[in-house]
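In UniProt numbering, the protein residues as written are 1 to 347.
Here it is, written out as C-alpha cells:
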C-alpha cells in the first residue's frame with residue numbers, strides 16, 4: 001500500500017503509540033504505520049496475528065474519522081467506553097475542575113460525550129486514569145513566589161558557607177490542646193471492629209516554642225504559660241549554652257516577639273547569633289512545621305490523656321527522645337522545600 005500518511009500524521013501516531021497501555025489499540029497504530037511503510041496486508045496480518053479484513057477496516061476508519069475512529073472500541077462489559085483521546089480530555093478537565101461526587105462526573109461524561117456510565121463504572125475509570133479520592137492540600141493564599149525564591153537562595157548560600165561548628169535552626173511555636181483529636185486509620189470493616197477512644201472536655205493548651213536542627217535531628221523545645229519575648233529569650237539562652245562555639249543561624253517568621261526590645265538588646269551582645277526572617281505566609285519554608293505535624297501524628301491523634309499534666313509530660317518527653325524516631329525523621333525532615341506557586345492550585 002505504502003506512503004498514504006502525511007509526515008504530521010506519522011508523528012502523531014508514533015507519539016500516541018507511546019502513551020497507550022491497551023495492547024489492542026497499540027496494534028492498530030502499528031498496523032497503520034506498517035502499511036504506510038510499504039508492507040503488504042498479508043505481512044502485517046501475519047506479524048500482528050490479525051486478518052486482512054480487519055486491517056482494511058482500520059485503514060478505512062482512520063481515513064474517515066482520523067485517530068478517534070482508529071482508536072474507537074465496540075465496547076463490551078468492563079471496558080472503558082471513552083476512547084484514548086476522550087479519556088485524556090476527561091483527565092485534563094478533572095485536573096482543573098475538581099469534582100466531589102462520582103455521579104456529577106457521570107453526568108458530565110453523558111452530556112459531553114453522549115456515553116453513559118454507572119457510578120461504579122466511572123469510579124473504576126477514574127482509578128485507571130490515576131485519580132484517587134482525597135482532599136486538596138491547603139496552602140497560604142498570599143504567599144509571594146519571588147520573595148520565597150529569594151529567601152531560598154539566601155538559605156542555600158548560608159548553608160554552603162557553614163563552618164564546622166556552625167548550625168542552622170528552624171524556630172516556631174505551636175499550641176496543642178488537651179483534647180482528643182481523631183484521625184483516619186486502617187480499621188477492619190464492620191461495627192464489631194469499630195474502635196472507640198475516650199474524649200474529654202479539656203480546653204487547656206500547651207504553649208510550645210522550639211528550635212529544630214536539621215544537622216542533628218534534635219529539637220530544643222520550651223513550654224511556658226504564654227509565648228512572649230521572655231519565653232523566646234529563654235530559648236535563645238538555651239541554644240547558646242548547648243552550642244558554645246560557631247555561628248547560630250535562626251530561621252523564623254516575623255512574629256512581634258522576635259522584634260521586642262529585650263530581644264534586640266540580647267542580639268547586640270551575641271554577635272554569633274543571626275536571625276533570618278522568612279517571607280510572609282511561608283510556613284512551607286519552615287522545617288519545624290513538619291516536626292509539629294509529626295508530633296501530632298505520634299502523640300495527640302487518636303490518644304486520650306486523662307489529665308493535662310499527663311498530656312504535657314508525654315508531649316515534652318516526645319521532643320526529648322527524638323532519637324527514637326531518627327529513621328522516620330531522616331525521611332521527613334529534609335530541606336527540599338517546595339515553593340507555593342509550583343503547586344497546582346484549585347480555585
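No residue lacks a Cβ here, since even glycine has one placed at the ideal position from N, Cα and C.
Between the alpha carbons of residue 337 and residue 126 lies a gap of roughly 30 Å. Within the UniProt domain "Tc1-like transposase DDE" (167–311), the complete alpha helix (DSSP H) segments of 4 residues or longer fall at 229–242, 261–268 and 288–295, listed in chain order. 7 Å or more divides the Cβ of residue 286 from the Cβ of residue 144. Excluding residues up to 5 positions away in sequence, 28, 31, 32 and 70 lie with their Cβ nearer than 7 Å to the Cβ of residue 58 in the same chain. For residue 115, no alpha helix (DSSP H) encloses it, and the DSSP letter there is neither H nor E. Using a Cβ distance threshold of 7 Å, residue 224 and residue 237 do not count as a contacting pair. Around the beta carbon of residue 311, 16 or more other beta carbons sit within 10 angstroms, so the residue counts as buried. Residue 115 and residue 124 have their C-alpha atoms some 15 Å from each other. Here the stretch 149–162 does not lie against the stretch 226–245, with fewer than 3 beta-carbon pairs under 8 Å apart. Cα atoms of residue 25 and residue 16: separation of roughly 10 Å, rounded to the nearest angstrom. When DSSP states are grouped into helix, strand and coil, residue 92 belongs to the helix group. The shortest CA-to-CA distance from residue 92 to any of 326, 131 and 65 is the one to 131.
A distance below 8 Å between beta-carbons, with the five flanking residues on each side excluded, links residue 110 to the following residues of its chain, in chain order: 116 and 117. No residue range can be given for residue 132, since it is assigned to no alpha helix (DSSP H) and is classified by DSSP as neither H nor E. Beyond the five residues adjoining it in sequence on each side, residue 327 comes within less than 7 Å, by CB distance, of no other residue in the same chain. For residue 67, the enclosing alpha helix (DSSP H) begins and ends at 52–70.
For the set 55, 315 and 67, the Cα lying nearest the Cα of residue 12 is the one of 67.
For residue 220, the closest of 306, 292 and 97 by C-alpha to C-alpha distance is 292. Judged by DSSP in its simplified three-state form, residue 49 adopts coil rather than helix or strand. For residue 160, the enclosing alpha helix (DSSP H) starts and ends at 145–160. When DSSP states are grouped into helix, strand and coil, residue 337 belongs to the coil group.
Residue state for residue 81 is assigned as coil, using DSSP reduced to three classes. Taking the Cβ atoms as the reference, residue 122 lies roughly 41 Å from residue 146, outside the contact range of under 8 Å. In the three-state reduction of the DSSP assignment, residue 39 falls in the coil class. Cβ contact annotation for residue 222 (same chain, cutoff 8 Å, sequence separation greater than five): 208, 209, 210, 231, 234, 235 and 238, in chain order.
The alpha-carbon separation between residue 155 and residue 324 amounts to approximately 28 Å. In this structure, the beta-carbon distance from residue 95 to residue 339 does not fall below 7 Å. About 6 Å separates the beta carbon of residue 278 from that of residue 151, a gap short enough to meet the 8 Å contact definition. In terms of CA proximity to residue 261, 228 leads the group 288, 51, 19 and 228. The Cβ neighbour count for residue 288, taken over all protein chains shown within 10 Å, is at least 16; the residue is labelled buried. With a threshold of 16 other beta carbon atoms within 10 Å, residue 216 falls short and is exposed. Contact check for residue 295 against residue 275 fails: the beta carbons are separated by 7 Å or more.
The alpha carbon of residue 281 has as its nearest neighbour, out of 264, 142 and 164, the alpha carbon of 142.
Classified as buried, residue 44 has 16 or more neighbouring CB atoms from the shown chains inside 10 Å of its CB.
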